[in-house]
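Enquirer:
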Amino acid sequence: MASADPLSRYNEKRDFTRTSEPAGKTGRSTDGNLFIVQKHGATRLHWDFRLEADGVLKSWAITKGPSTDPDDKRLAVRTEDHPLSYARFEGTIPKGEYGGGTVMLWDQGTWEPVEGKSAKDIEKGHLHFRLHGERMKGEWLLVRMRPRPGEKRENWLLRKIADAYASNSADLVEQGLTSVLTGRSMAQIAADKAGTHPLQNKKGKDFDAAMKKAARHNAGLRPKTARTRKDASSALPTFQPVQLATLVDTIPTGNGWMHEIKFDGYRALVAASSSKVRIYTRSSLDWTDKFEPLAQQIAALDLPPCLIDGEIVAYDSQGNPDFSALQNVLKRGHGQQQEKDHLAFHAFDLLLQDGLDLKPLPAIERKERLEALLADSRPPVHVADHVIGAGEKLFSAMCVAGQEGIIAKRVDAPYRGERTRNWVKVKCTRRQEFVIIGWTTSGTRGRAFKSLLLAQREGDVLVYKGKVGTGFNSATMDDLANRIATLTRKTAPAPVPRAEARGAHWVTPKLVAEVAFAEFTAEGRVRHGSFIALRTDKTAQEVKPERALAAPQETAAIRITHPDRVIFPETGETKGDLATYYESIAPLMLPFAAHRPISLVRCPQGRARKCFFQKHDSGSFGPHVSHVPIAEKHGGVEDYLYVTDTAGLLACVQMGTIEFHGWCASTADVEHPDRMIFDLDPDEGLDFAEVKRAARQIRQHLADLGLVSFAMLSGGKGVHVVLPLTPGHDWAVHKDFAKRFAEALSIAEPERFTATMSKAKRKGRIFIDWLRNQRGGTAILPYSARARTGAPIAVPVGWDELKDIETANSFSIRDAADLLERSRSKPLRGWGFAAQSLPETI
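So for the sequence shown, my numbering puts the first residue at 38; every next one is plus one.
Set out below in structure tokens:
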């Protein structure tokens, strides 16, 4: 690829009297290590990957775009070098010109070869390098493939190196649908006629001036989204009380619980809104300054207004979260951190987002929303992983790894700012907080004291709990000695037996120590205690004994009558089987079904007998099914049904419910929809392959508008294309967009699509049912059973796996265990959630 003039091929291919692309000449960026990626809708969509070297942009066309999965080796075809001035180009290349089509600036940043490598390695056929971009980060590898006989193009492979930025669950191409320069979609860039030829016939200073003008033009085109609106929801959220876990002696069982690692760090509540970040301790102290590096990392994510619950940790030499390491980092100051013990934030709950209070939602839905919110995050910001059921395996793995234990959370429970049994903790070793009430002197040289005397508050009094004399290093002892010296007093703050008080010195009970120990003795003293650290985030008044309770039992508290009644006569599934399915699948279904007005398909005598829709209730469903008053078109108000937990789902099943259909809005804000559904309903006789092709086509059209969408098998004949949205627009806007989108497709391909419900006009076509997207409209909810032959269910699927699925009813209520297992797979992580708004134009 080398040549005397590296840009000769670039210039030869272009007519600069027609294209707005800059003419080619060598140059250098400020730092000389620029990298960019341009999404290019030419004859075939691809991503142009460019690295600055030798005064030009070395370029490769990546046909499928980059992937953060180290197992995905993406084809990268080497193309001609491009000039540095091309790095900020975003616009439209005229048809008929080389590369005609729309160009988006998809990523930008800097790069450098890894240690021992250089840019000269490109001509050797391999390059190992690091990227510091907005989307592409960490280590990557470019390797030239051996050419085949007669092959003219130079084929390379681009691969992500397994590092902290690698992920087998994040799809950069599917999630990154807008420009990093202007925030526009490909369709918006293509529609920008004013910016189509801003550089035409410009050279020298005129070219530079035109480039600046184009930049100003683009800067004013960032779409106004819910995140950029100056309203009350954009304010930085304030502190709220955190939920606390109850210590139990065994692990809760069943699919009604999700299990997470119990991190050994500081509990933290992060309030964020764009570049504004505040980090609070569990007791509402503002520790943003102490955790400044994390605050900067979170600010860089440009999050909408949100309040995130999590844990801040540092790591020991083995890479495990370690509280002592965290304290060392804080003492040393974040400016002197070592690479191995950088602070990290593990997020595990989402309390508020965009002004919406999420605390009443089920824990599993809050977790799914959190994963979607932080989909673009990278270390040191993490989303704490979880497993549904199988807590024993996670607990065993954590204990073997020397970790503290696990936290188990009811999947259907709301968030409450107090200690509840909806969150429980199981510890590998006993660890509790104690108040330091004194110390004993030591005859050992170099030791400031021999042991610390401990107490805990029981009711209104301090009760002595014994001594701890191990776990100190010299630095810890010096720090404690200095702190104790300022708190000395003459009398014991709690009654201590005379034998144990002999030789003791007393302190005012303000310091809190975390201590690991084997057990409490019969006298209530710690046995084999070892000092862990001081807890400066907790007060002495909070320190109370933690007594392990029996683990909560798995129960939905709903009695299913007539469990042997056959509901699906063709295959024999009973009412009891259906109830078991919904109880098992509730962790996956509740994020989409809870706190949403629903309509039920009830078949009290089975699906083959009389079935009917129901959306109102006079009280016959019992206390586990809730009601929300909604104004009707005629001016009255009706109470609509909704559920909040597993018990609510089962109460509906007890009343003969098979299907659950939901609004495109939540009960918290029924006038502002939060998702859009396009139901692809094929005419009788149409092959399912046509439906799949149509779904992928709709997905691409939505992607061109900068919108992420998801696929779901309907359990009937078709596929639903699901479009999650940030609430902010009303039903009129929602319905209008859905209608115009469907009609545009039917006009473009009338032989394939219709946007009209008429059976006559549907013949041989696919009806794009947009009517679900009007106020009061409903759509089948993910994981709902269908009142059809074989007990099928509506199932979310990944776009890639949709290709290999043969029917829309490929899963049934017999597949609950498999569905739970596949729910954590790459295609389904974060399914159905995305922070995005409708564009102003189609």
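Here a beta-carbon is modelled for each residue, glycine too, at the ideal position from N, C-alpha and C. Predicted model only: the values in this text are computed from it and were never measured.
For the alpha helix (DSSP H) containing Ile226, list its first residue and its last residue.
Expert: Position 189 of the sequence shown, counted from the start, is the residue given in the question as residue 226. Its alpha helix (DSSP H) spans residues 223–227.
Enquirer: By the DSSP assignment, the beta strand (DSSP E) with Gly685 in it spans what residues?
Expert: Residue numbering aside, residue 685 sits at position 648 when the sequence shown is read from its first letter. No beta strand (DSSP E) contains Gly685, which is instead part of the alpha helix (DSSP H) from 683–691.
Enquirer: Please give the ranges of any alpha helix (DSSP H) in the region 386–425, keeping only runs that are unbroken, at least 4 residues long and fully inside the region.
Expert: Correct list: 400–410.
Enquirer: With a threshold of 6 Å on Cβ separation, who are the neighbours of Asp339 within its own chain once the five nearest residues in sequence on each side are excluded?
Expert: By 1-based counting over the sequence shown, the position of residue 339 is 302. Result list for Asp339: Ser311, in chain order.
Enquirer: What does the alpha-carbon distance come out to for the pair Lys101 and Leu284?
Expert: Counting from 1 along the sequence shown, the entry for residue 101 is found at position 64. Counting from 1 along the sequence shown, the entry for residue 284 is found at position 247. Going from the Cα of Lys101 to the Cα of Leu284 covers about 49 Å.
Enquirer: Taking the runs of the beta strand (DSSP E) that are 3 residues or longer, which of them lie wholly in the region 719–802?
Expert: Within the region 719–802, the complete beta strand (DSSP E) runs of at least 3 residues are 747–750, 756–761.
Enquirer: For Arg315, which residues in the same chain have their Cβ closer than 7 Å to its Cβ, ignoring the five residues on either side in sequence?
Expert: Mapped onto the sequence shown, residue 315 falls at position 278. Result list for Arg315: Leu273, Ala308, Asp323, Thr325, in chain order.
Enquirer: Could you check how far apart the C-beta atoms of Ala555 and His565 are, in whole angstroms? I think they sit under 8 Å.
Expert: The residue you call residue 555 lines up with position 518 of the sequence shown. The residue you call residue 565 lines up with position 528 of the sequence shown. Rounded, the Cβ-Cβ distance is 4 Å, consistent with contact.
Enquirer: Classify Phe649: buried if its beta carbon has 16 or more other beta carbons within 10 angstroms, exposed otherwise.
Expert: Reading the sequence shown from its first residue, position 612 is the one you call residue 649. Under this definition Phe649 is an exposed residue.
Enquirer: Measuring alpha carbon to alpha carbon, tell me which of Val350, Ile805, Tyr317 ends up nearest Thr275.
Expert: As a working note, residue 275 is residue 238 in the sequence shown. Comparing Cα-Cα distances from Thr275 to each of Val350, Ile805, Tyr317, the minimum goes to Tyr317.
Enquirer: Which first and last residues belong to the alpha helix (DSSP H) in which Trp836 is found?
Expert: In the sequence shown, counting from the first residue as 1, residue 836 sits at position 799. Where Trp836 is concerned, the enclosing alpha helix (DSSP H) stretches over 836–839.
Enquirer: Distance check for Asp676 and Asp654, CA to CA, integer angstroms please.
Expert: Counting from one through the sequence shown, the residue named residue 654 turns up at place 617. Counting from one through the sequence shown, the residue named residue 676 turns up at place 639. The alpha-carbon atoms of Asp654 and Asp676 are separated by roughly 7 Å.
Enquirer: If you follow the beta strand (DSSP E) that Phe605 is in, where does it begin and where does it stop?
Expert: One-based indexing of the sequence shown puts residue 605 at position 568. Here the beta strand (DSSP E) through Phe605 covers 603–605.
Enquirer: Buried or exposed for Val674, going by 16 or more other Cβ atoms inside 10 Å?
Expert: In the sequence shown, the residue the question calls residue 674 occupies position 637. With fewer than 16 Cβ atoms within 10 Å of its Cβ, Val674 is classed as exposed.
Enquirer: By the 10 Å Cβ neighbour count, where 16 or more other Cβ atoms means buried, how is Asn519 classified, buried or exposed?
Expert: In the sequence shown, residue 519 corresponds to position 482, counting from 1. Asn519 comes out exposed.
Enquirer: Taking 9 Å as the threshold (C-beta atoms), are Leu178 and Gly913 in contact?
Expert: As shown, the chain starts at 38 and ends at 879. That puts residue 913 outside it, with no answer to give.
Enquirer: Just checking my contact of Arg415 with Phe870 at CB under 8 Å: how many whole Å lie between their CB atoms?
Expert: Here residue 415 refers to the residue found at position 378 of the sequence shown. Here residue 870 refers to the residue found at position 833 of the sequence shown. Wrong, their Cβ atoms sit about 19 Å apart, outside the cutoff.
Enquirer: What's the C-alpha gap between Phe725 and Leu839?
Expert: Here residue 725 refers to the residue found at position 688 of the sequence shown. Here residue 839 refers to the residue found at position 802 of the sequence shown. So the two alpha carbons sit approximately 11 Å from each other.
Enquirer: By Cβ distance, which residues of its chain are closer than 7 Å to Val759, with the 5 residues on each side in sequence left out?
Expert: Working through the sequence shown from its first residue, we reach residue 759 at position 722. So the list reads Arg712, Ile714, Ser746, Phe747, Met749, Gly869, once near-sequence residues are dropped.
Enquirer: In whole angstroms, what separates the C-alpha of Arg799 from that of Asp837?
Expert: Here residue 799 refers to the residue found at position 762 when the sequence shown is read from its first residue. Here residue 837 refers to the residue found at position 800 when the sequence shown is read from its first residue. Approximately 28 Å, taken between the alpha carbons.
Enquirer: Using a Cβ-Cβ cutoff of less than 6 Å, which residues in the same chain neighbour Gly213 once the five nearest sequence positions on both sides are dropped?
Expert: Mapped onto the sequence shown, residue 213 falls at position 176. Contacts found: Arg172.
Enquirer: Using alpha carbons as the reference points, say which of Thr844, His542, Lys547 lies closest to Thr478.
Expert: Working through the sequence shown from its first residue, we reach residue 478 at position 441. Out of Thr844, His542, Lys547, His542 has the C-alpha closest to the C-alpha of Thr478.
Enquirer: Taking 8 Å as the threshold, find out whether the region 805–814 comes into contact with the region 788–796 through three or more Cβ pairs.
Expert: They touch, by the three-pair rule.
Enquirer: Reducing DSSP to helix, strand and coil, say where Gln811 ends up.
Expert: On the sequence shown, position 774 is the one that residue 811 refers to. Three-state result, Gln811: coil.
Enquirer: The alpha helix (DSSP H) spanning Cys436 covers which residue range?
Expert: The count along the sequence shown starts at 1 and reaches residue 436 at position 399. Run containing Cys436: 428–437, per the alpha helix (DSSP H) assignment.
Enquirer: If distances are taken between C-alpha atoms only, which option among Leu524, Gly133, Pro710, Asp109 comes closest to Val770?
Expert: In the sequence shown, counting from the first residue as 1, residue 770 sits at position 733. Among Leu524, Gly133, Pro710, Asp109, the Cα nearest to that of Val770 belongs to Pro710.
Enquirer: Using a Cβ-Cβ cut-off of 6 Å (strictly less than) and excluding sequence neighbours within five positions of Leu331, which residues of its own chain qualify?
Expert: Translated into positions along the sequence shown, residue 331 becomes position 294. If we look at Leu331 and ignore the five residues flanking it on each side, its Cβ neighbours are Leu380, Phe382.
Enquirer: Quick check: does the Cβ of Pro641 come within less than 8 Å of any heavy atom belonging to the ligand NAP?
Expert: In terms of ligand content, the structure shown is empty, and the ligand NAP therefore cannot be addressed.
Enquirer: Quick one: is Lys267 buried, meaning 16 or more other Cβ sit within 10 Å of its Cβ, or exposed?
Expert: Within the sequence shown, the letter at position 230 stands for residue 267. For Lys267, the predicted model reports a pLDDT of 40, less than 50, meaning its position is unreliable and no value from the coordinates is stated.
Enquirer: Hey, out of Phe300, Glu127, His119, Ala623, whose CA is closest to Lys462's CA?
Expert: Reading the sequence shown from its first residue, position 425 is the one you call residue 462. It is Phe300 whose Cα lies nearest to the Cα of Lys462.
Enquirer: Determine the DSSP secondary structure at His254, reduced to helix, strand or coil.
Expert: Looking up residue 254 in the sequence shown gives position 217. In the structure shown, His254 sits in a helix (DSSP, three-state: H, G or I).
Enquirer: Any contact of the region 620–628 with the region 580–590, i.e. 3+ C-beta pairs under 8 Å?
Expert: No contact exists between the region 620–628 and the region 580–590.
Enquirer: Closer than 7 Å by C-beta to Ile830: which residues in its own chain qualify, once you throw out the five before and the five after it? Chain order, please.
Expert: Against the sequence shown, residue 830 aligns to sequence position 793. For Ile830, where only same-chain residues beyond five positions count, the Cβ hits under 7 Å are Gly752, Tyr820, Ser821, Ala822, Arg823, Phe848, Ser849, Ile850.
Enquirer: Over what stretch of residues does the beta strand (DSSP E) that includes Arg315 continue unbroken?
Expert: By one-based count along the sequence shown, residue 315 stands at place 278. Residues 313–318.
Enquirer: Could you tell me which residues DSSP puts in a beta bridge with Asp716?
Expert: Counting from 1 along the sequence shown, the entry for residue 716 is found at position 679. According to DSSP, which records beta bridges pairwise, Asp716 is partnered with His757, Asp806.
Enquirer: Grab the span of the beta strand (DSSP E) containing Pro342 for me, first residue to last.
Expert: Counting from one through the sequence shown, the residue named residue 342 turns up at place 305. From DSSP, the beta strand (DSSP E) with Pro342 extends over 340–350.
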